[in-house]
Amino acid sequence: MAKGFDCAAPLTKALAKKFREDGYEFVCRYLVPSGWKRLTKTEAAAISAAGLQIVSVYETTASRALGGRAAGLADGAIAAQTALAVGQPAGSRIYFAVDFDASASQMDTVIQYIKAAGEASSKFRTGVYGSAAVVEAAMAAKACTGFWQTYAWSRGRKAEGIHLYQYDNGPKGLGQPIHGVNVDINLSSGDAGWWNTLAAVPSTPTHSDGEVKEYMLNQEDAKKIIAFIQAAYMAAGSPESREEFHRLADEIRKASGQPVEEEK
Numbered sequence: 080m081a082k083g084f085d086c087a088a089p090l091t092k093a094l095a096k097k098f099r100e101d102g103y104e105f106v107c108r109y110l111v112p113s114g115w116k117r118l119t120k121t122e123a124a125a126i127s128a129a130g131l132q133i134v135s136v137y138e139t140t141a142s143r144a145l146g147g148r149a150a151g152l153a154d155g156a157i158a159a160q161t162a163l164a165v166g167q168p169a170g171s172r173i174y175f176a177v178d179f180d181a182s183a184s185q186m187d188t189v190i191q192y193i194k195a196a197g198e199a200s201s202k203f204r205t206g207v208y209g210s211a212a213v214v215e216a217a218m219a220a221k222a223c224t225g226f227w228q229t230y231a232w233s234r235g236r237k238a239e240g241i242h243l244y245q246y247d248n249g250p251k252g253l254g255q256p257i258h259g260v261n262v263d264i265n266l267s268s269g270d271a272g273w274w275n276t277l278a279a280v281p282s283t284p285t286h287s288d289g290e291v292k293e294y295m296l297n298q299e300d301a302k303k304i305i306a307f308i309q310a311a312y313m314a315a316g317s318p319e320s321r322e323e324f325h326r327l328a329d330e331i332r333k334a335s336g337q338p339v340e341e342e343k
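One point on numbering: in the numbering used here, the residue at position 40 of the sequence shown is 119, and numbering is uninterrupted.
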């Protein structure tokens, strides 16, 4: 089990490093296009350099999911665009928040929202944040592949098969004050879909303080490499070979922060 936290306040590298030194392995941050709580490309790089993984959650208003399919399509598209802008690699996960006590009569609308958000952000895996009832309904409907449950509104139940569990929102539901930041505490049981911006390995040159330097493949160089792979793709004699060349090109795209492409 990995321990992490979520917070609305942006983190600096120094602050993220303090949490990492305390044993936290990931932080959940808001993937929204504007506003004070939004994750930026600069912050994502700082969090990654401090050694924390990032879990992306999209939330504008608590009850946004009641907008149903239309809201889901709009939010999914915005979330995907924002994710690429901050450096989140395709194939990682975006959670969409249902941040209220959804009733049984509202659940169908909520599920429509989650499904539509996934359709509109197809380069990413999608997940849902919500109560035990929301998570279980999303599981049953196969609305997404990631499940982040909060203990709030769950009435003492914990759903089976979740990837993240938010178990502590502080004494008044406003978070626990740690290092001057109000945070909610979470546990991950695996495959949370988190990500970071680093492509570094231990042998990479270090700064004077011993930290590993951040490295990402230059997009111009990546495009040149992809051009050679595409030439091999065109000359390939079997569907299997073409599929492998396409996969390799997408790996180069990921390493350079570019979106992956669907095979034609």
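All C-beta atoms, glycine included, are put in the ideal place defined by N, C-alpha and C.
Beta-carbon proximity list for residue i, same chain, < 7 Å, skipping 5 on both sides
{"i": "Gly146", "result": "Tyr192"}
{"i": "Val347", "result": "What is shown of the chain runs 80 to 343, which leaves residue 347 out entirely."}
{"i": "Arg321", "result": "Tyr312, Ala315"}
{"i": "Thr139", "result": "Val111"}
{"i": "Lys202", "result": "Ala159, Ala169, Pro338, Val339"}
{"i": "Thr91", "result": "Ala125"}
{"i": "Ala123", "result": "Ile133, Val165, Gly166, Thr276"}
Inter-residue spacing [alpha-carbon to alpha-carbon] between residue i and residue j
{"i": "Trp227", "j": "Asp329", "result": "28 Å"}
{"i": "Ala212", "j": "Trp115", "result": "30 Å"}
{"i": "Ala164", "j": "Gly249", "result": "32 Å"}
{"i": "Ala120", "j": "Ser135", "result": "It should be noted that the sequence gives Lys, not Ala, for residue 120. Lys120 and Ser135: Cα-Cα distance of roughly 13 Å."}
{"i": "Thr205", "j": "Gly83", "result": "19 Å"}
{"i": "Ala271", "j": "Ile264", "result": "15 Å"}
{"i": "Ala334", "j": "Ala169", "result": "10 Å"}
{"i": "Gln245", "j": "Tyr174", "result": "13 Å"}
{"i": "Lys194", "j": "Glu299", "result": "35 Å"}
{"i": "Ala216", "j": "Ala150", "result": "19 Å"}
{"i": "His325", "j": "Ser267", "result": "32 Å"}
{"i": "Phe105", "j": "Arg99", "result": "8 Å"}
{"i": "Arg108", "j": "Arg117", "result": "7 Å"}
{"i": "Ala81", "j": "Leu131", "result": "11 Å"}
{"i": "Val262", "j": "Tyr103", "result": "12 Å"}
{"i": "Leu94", "j": "Ser210", "result": "29 Å"}
{"i": "Leu253", "j": "Asp101", "result": "21 Å"}
{"i": "Ile257", "j": "Thr188", "result": "36 Å"}
{"i": "Asp247", "j": "Cys86", "result": "12 Å"}
{"i": "Gln255", "j": "Phe307", "result": "52 Å"}
{"i": "Met218", "j": "Ile190", "result": "10 Å"}
{"i": "Gly235", "j": "Ser317", "result": "55 Å"}
{"i": "Val291", "j": "Tyr137", "result": "In this prediction, Val291 has a pLDDT of 39, which is less than 50 and means its spatial position is unreliable; what the coordinates show is noted afterwards. Each residue's Cα considered, the two are about 30 Å apart."}
{"i": "Asp178", "j": "Ala141", "result": "5 Å"}
From the options, residue whose alpha carbon lies closest to that of residue i
{"i": "Ala220", "options": "Met186, Ala181, Ala238, Pro168", "result": "Met186"}
{"i": "Lys97", "options": "Val260, Ile308, Gln309, Trp232", "result": "Val260"}
{"i": "Gln309", "options": "Gln298, Leu110, Leu327, Glu319", "result": "Leu327"}
Cβ shell of residue i (< 6 Å), same chain only, five flanking positions each side left out
{"i": "Ile331", "result": "Ala301, Ile304, Ile305"}
{"i": "Asp180", "result": "Trp232"}
{"i": "Ser171", "result": "Gly272, Trp274"}
{"i": "Asp288", "result": "With a pLDDT of 44 at Asp288, under the threshold of 50, the modelled position of this residue cannot be trusted, and the question is left open."}
{"i": "Leu243", "result": "Trp227, Asn265, Ser267, Ala271"}
{"i": "Gly197", "result": "Thr205, Cys223"}
Boundaries (first-last residue) of the beta strand (DSSP E) holding residue i
{"i": "Lys120", "result": "Segment 120-128 is the alpha helix (DSSP H) holding Lys120; no beta strand (DSSP E) there."}
{"i": "Ser267", "result": "260-267"}
{"i": "Ala81", "result": "81-85"}
{"i": "Thr224", "result": "That residue, Thr224, is in no beta strand (DSSP E); it is neither H nor E in DSSP."}
{"i": "Phe175", "result": "172-176"}
{"i": "Leu180", "result": "According to the sequence shown, residue 180 is Asp rather than Leu. Counting along the chain, Asp180 falls outside any beta strand (DSSP E), and DSSP gives it neither H nor E."}
{"i": "Ile257", "result": "255-257"}
{"i": "Tyr103", "result": "Neither: Tyr103 is in no beta strand (DSSP E) and is coded neither H nor E."}
Three-state secondary structure (DSSP) of residue i
{"i": "Gln329", "result": "Looking at the sequence shown, residue 329 is not Gln but Asp. Three-state DSSP puts Asp329 in a helix."}
{"i": "Pro112", "result": "coil"}
{"i": "Val189", "result": "helix"}
{"i": "Arg321", "result": "helix"}
{"i": "Gly272", "result": "coil"}
{"i": "Ser233", "result": "coil"}
{"i": "Ser135", "result": "strand"}
{"i": "Gly206", "result": "strand"}
Beta-carbon contacts of residue i that lie in its chain and below 8 Å, excluding the five residues immediately before and after
{"i": "Ser127", "result": "Ile133, Asn275, Thr276, Leu277, Glu293"}
{"i": "Ala183", "result": "Ala212"}
{"i": "Ser200", "result": "Gly155, Ala156, Ala158, Ala159, Ala162, Ile173"}
{"i": "Arg143", "result": "Ala150, Asp154, Ala176, Tyr192"}
{"i": "Ala88", "result": "Lys116, Val260, Asn261"}
{"i": "Asn297", "result": "Ser335"}
N-terminal and C-terminal residue of the alpha helix (DSSP H) that residue i is part of
{"i": "Arg148", "result": "147-165"}
{"i": "Gln298", "result": "298-314"}
{"i": "Ala95", "result": "92-100"}
{"i": "Val213", "result": "211-220"}
Closer than 7 Å: residue i CB and nearest the ligand SAM heavy atom
{"i": "Ala328", "result": "Inclusion of the ligand SAM in the displayed structure is not the case, the ligand content being empty and no account of it being possible."}
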